[in-house]
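Going by our numbering, the sequence shown opens with residue 277, and the numbers climb by one from there.
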Amino acid sequence: MTLLAADTPTNLWIGAQSRPALSGKTFEVHNPATQEVLAEVADAAAPDALLALDAAVAAQQRWAQVPPREKSRLLSEVFQGIEERSEDFARTMTLEMGKPLAESRGEVAYGNEYFRWFAEEAVRWPGRFQHAPSGSGSILVTRASVGPVLAITPWNFPLAMATRKIAPALAAGCPIILKPAKETPLTMLLLGQVLSEVLPEDCSGLVSILPTTDSSGVASALMADKRLRKITFTGSTGVGKHLVKQSAENLLRTSMELGGNAAFVVAEDADMDMAIDAAMQAKMRNGGEACIAANRFLVHEEIAEEFSRRLSTRMAAIRCGNGLEKGVGLGPMISREQRDKVAELVQEAVAEGATLTTGGEIPDRPGWFYPATVLVNIPEGARILREEIFGPVATVSTFATLEEGVAKANDTDFGLAAYGFSRSLEGARYLAENLRAGMVGINRGAISDPAAPFGGIKESGFGREGGTEGIEEYLDTRYIAL
Numbered sequence: 277m278t279l280l281a282a283d284t285p286t287n288l289w290i291g292a293q294s295r296p297a298l299s300g301k302t303f304e305v306h307n308p309a310t311q312e313v314l315a316e317v318a319d320a321a322a323p324d325a326l327l328a329l330d331a332a333v334a335a336q337q338r339w340a341q342v343p344p345r346e347k348s349r350l351l352s353e354v355f356q357g358i359e360e361r362s363e364d365f366a367r368t369m370t371l372e373m374g375k376p377l378a379e380s381r382g383e384v385a386y387g388n389e390y391f392r393w394f395a396e397e398a399v400r401w402p403g404r405f406q407h408a409p410s411g412s413g414s415i416l417v418t419r420a421s422v423g424p425v426l427a428i429t430p431w432n433f434p435l436a437m438a439t440r441k442i443a444p445a446l447a448a449g450c451p452i453i454l455k456p457a458k459e460t461p462l463t464m465l466l467l468g469q470v471l472s473e474v475l476p477e478d479c480s481g482l483v484s485i486l487p488t489t490d491s492s493g494v495a496s497a498l499m500a501d502k503r504l505r506k507i508t509f510t511g512s513t514g515v516g517k518h519l520v521k522q523s524a525e526n527l528l529r530t531s532m533e534l535g536g537n538a539a540f541v542v543a544e545d546a547d548m549d550m551a552i553d554a555a556m557q558a559k560m561r562n563g564g565e566a567c568i569a570a571n572r573f574l575v576h577e578e579i580a581e582e583f584s585r586r587l588s589t590r591m592a593a594i595r596c597g598n599g600l601e602k603g604v605g606l607g608p609m610i611s612r613e614q615r616d617k618v619a620e621l622v623q624e625a626v627a628e629g630a631t632l633t634t635g636g637e638i639p640d641r642p643g644w645f646y647p648a649t650v651l652v653n654i655p656e657g658a659r660i661l662r663e664e665i666f667g668p669v670a671t672v673s674t675f676a677t678l679e680e681g682v683a684k685a686n687d688t689d690f691g692l693a694a695y696g697f698s699r700s701l702e703g704a705r706y707l708a709e710n711l712r713a714g715m716v717g718i719n720r721g722a723i724s725d726p727a728a729p730f731g732g733i734k735e736s737g738f739g740r741e742g743g744t745e746g747i748e749e750y751l752d753t754r755y756i757a758l
């Protein structure tokens, strides 16, 4: 049996205090690699959420009086606090989410960078002053904090998906109530512990963390209260659409980072070694359970056979197992439901004529494991090409011209990320200008960066996280006529 550290928090964080749910209810968190129960966690409901909102409203007025330089210093202290406990964060993450420990360490480092970045942005709120063109006065444009924020985060990156919401919100002067995924609340509760040690006591309601099995009830209670002024969500397009409709009642500010179905286009002149290395990054980071994971590999027909062979060899070499074990490159999927959905997509594609070159068989062992898998010869209308896979499965299709490849890449309702590979400036530029996505990687398989704006277009959502744009999501623009 694998145990959590004895001091791992399991209660709600409200007003910088660890407290049980008002109902006294709890729920189990499981290790997806072993199916063991890791912890019993407090189960928040609507009354707990409204207590958190009370605390947030009280804290905002006090936080507004804290100078930007002091906000910056405190966010830097949070960065240091996470860094000092980085191994605790990584181990907790692997236990509740399943990813290999090396990847968890990478996420902790990456997610923590948002606190460093927004510590610097806290002193750089945008604004401008100009004379009116008429000559009759002046125009002053300032920014003001949006107000209390509800953040809803997914299970695939338990820390990073939250830090890129919490850090800019605090830098912008906004208190934030965070609802983590019920599968992975422990990493966030550990963050609550760090935040409570750093943030001022008189601003104790700045961050609340509410694990719950009743996401809809908690979100609905908060969104019905006019004191809440913004919702930021990372998750599926279907849930995002529902939240946008719900937010219309009080005209909440919304940021939506939703599903993806990223294409990975490999031109005939691409550097094959670079493309294969990047393919492994873009596909297998987080075991494919990432919204920017490459799902559809579109490869020029003259090089497709070599690409498929080399990709299959690399995928077949990945060791699948418990993320705490040395040498494991692929952990379990988060749940039986998610594992079975991926298996169904693969089985359906094979039944329609696709060919498996590696993987495709559920291993006979405890845990929600699925092997690294490659499919070729996929029929054009196959569901696996239309839906977000969210697992360790790569599909390889071909095209005859780069224009055809880009057209196939863009033939999706999603528009979060895309990848393009070409040795020539002309080819790279064509890919960069014509792939329709909020983020495009050219000859790169890893594109996330706290200094860059992360977000999509079309049914992948709107709003940006990170970069200089990230803080704007939490600020209202004010015009003052002088």
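Using N, Cα and C, we set each Cβ at its ideal position, and we do this for glycine too.
None of these values were measured; they are calculated from a predicted model.
Buried or exposed by the 16-neighbour rule on C-beta atoms within 10 Å, applied to residue i
i      : result
Phe391 : buried
Lys441 : buried
Lys347 : buried
Ser492 : exposed
Leu527 : exposed
Val690 : The sequence shown places Phe at residue 690, rather than the Val named in the question. Result: buried.
Asp549 : exposed
Ala538 : buried
Thr677 : exposed
Gln406 : exposed
Gly603 : exposed
Ser673 : buried
Thr460 : buried
Arg367 : buried
Gln341 : exposed
Pro343 : exposed
Asp553 : exposed
CB-CB length for residue i against residue j, believed under 8 Å
i      : j      : result
Leu758 : Ser414 : 4 Å
Met609 : Tyr646 : 6 Å
Met715 : Leu692 : 7 Å
Ile485 : Leu288 : 7 Å
Val622 : Leu574 : About 19 Å; that fails the 8 Å criterion.
Ala398 : Leu351 : 6 Å
Gly742 : Glu749 : About 10 Å; that fails the 8 Å criterion.
Chain-order list of residues whose beta-carbon lies under 7 Å from that of residue i (same chain, five-residue window excluded)
i      : result
Val333 : Pro424 and Arg503
Ala408 : Ser414 and Ile415
Glu582 : Met548
Gly564 : Ile665, Phe666, Gly667, Pro668 and Val669
Thr688 : Asn537
Neighbourhood of residue i by C-beta, 8 Å cutoff - its chain only, sequence neighbours within 5 removed
i      : result
Asp319 : Ala297, Ser299, Lys301, Thr302, Phe303, Pro487, Thr488, Thr489 and Asp490
Arg361 : Leu466 and Val470
Proximity to residue i [Cα-Cα], best of the options
i      : options                           : result
Trp762 : Met560, Phe697 and Val422         : An answer regarding residue 762 cannot be provided, because it is not within the stretch 277 to 758 covered by the chain.
Phe355 : Glu459, Glu473 and Ala420         : Glu473
Gly605 : Glu749, Asn653 and Gly374         : Gly374
Gly514 : Met437, Ala398 and Gly535         : Gly535
His306 : Ala524, Pro642, Ala722 and Gly746 : Pro642
Gly382 : Asn562, Val494 and Pro668         : Asn562
Glu363 : Leu651, Ser700, Val626 and Pro376 : Pro376
Ile733 : Ser523, Ser724, Ser352 and Ala713 : Ala713
Ala500 : Leu519, Ala704, Phe666 and Ile747 : Leu519
Gly629 : Gly737, Ile654 and Arg400         : Ile654
Thr286 : Lys458, Leu711, Leu498 and Ser412 : Lys458
Phe675 : Leu326, Arg572, Gln341 and Ser724 : Arg572
Glu477 : Arg659, Gln336, Ala321 and Ser588 : Gln336
Phe365 : Glu656, Glu353, Leu435 and Ser294 : Leu435
Ser480 : Leu711, Leu600, Ala309 and Leu329 : Leu329
Gly516 : Ala524, Met532, Ala625 and Ala447 : Met532
Ile747 : Trp644, Ala445 and Ala282         : Ala445
Glu663 : Gly717, Asp640, Ser736 and Glu709 : Ser736
Thr634 : Glu613, Thr589 and Ala627         : Thr589
Assigned secondary structure, residue i (DSSP; H/G/I helix, E/B strand, else coil)
i      : result
Ala385 : helix
Asn719 : coil
Thr744 : coil
Phe645 : coil
Phe573 : strand
Cys450 : coil
Ala543 : coil
Trp393 : helix
Arg440 : helix
Leu279 : coil
Met532 : strand
Residue i at chain D interface by Cβ criterion, 8 Å
i      : result
Pro729 : No chain D is part of this structure, which consists of one protein chain only.
Close beta carbons around residue i, own chain, < 6 Å, minus the five adjacent residues each side
i      : result
Val417 : Gly403, Arg404 and Tyr755
Thr429 : Met437, Ala438, Pro456 and Thr510
Ala551 : Val542 and Phe697
Arg595 : Gly603, Val604 and Gly605
Gln522 : Met499
Ile452 : Val425, Ala427, Ile442, Ala445 and Val483
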